[in-house]
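Enquirer: Residue numbers for the sequence shown follow our numbering, beginning at 417 and rising by one.
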Amino acid sequence: WPSADGNVYVAVYGARAVVRVRVADGKLTTVARSPATWAPSGVLLAPDGHMWILEYSTTNAARVRRIAPNGGVRIF
417 WPSADGNVYV AVYGARAVVR VRVADGKLTT VARSPATWAP SGVLLAPDGH
467 MWILEYSTTN AARVRRIAPN GGVRIF
């Protein structure tokens, strides 16, 4: 998912992580990790700074996790 500052965010299912790719130099930074038994399959950055992560469990359950700019987490 592209961000307003030109970077790209990628859900890496096998690594259970969301990674930021800095377009300027290709640097990879892990910005979020899914807890055990969950893995991200999609990510969206909202204009208000929240990161929304679609996650699936090892039992194929689905959920959405929202991470606020201040680090607060809510699961839907």
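Ideal Cβ placement from N, Cα and C applies to all residues, glycine included.
So what does DSSP say about Ala499, is it helix, strand or coil?
Expert: In the structure displayed, the chain extends from 417 to 492; residue 499 sits before or after that span and is not available.
Enquirer: Under the assumption that Asn423 contacts Val434 (Cβ atoms under 8 Å), give the Cβ distance between them as a whole number of angstroms.
Expert: Going by Cβ atoms, the distance from Asn423 to Val434 rounds to 12 Å, so no, they are not a contact pair.
Enquirer: Taking Pro456 as part of the beta strand (DSSP E), name the residues at either end of that continuous run.
Expert: First-last of the beta strand (DSSP E) with Pro456: 454 to 461.
Enquirer: Let me know the secondary structure DSSP gives Ala440 once reduced to three states.
Expert: Coil.
Enquirer: Is Tyr425 buried or exposed, if buried means 16 or more other CB atoms sit within 10 Å of its CB?
Expert: With 16 or more other Cβ atoms within 10 Å, it is buried.
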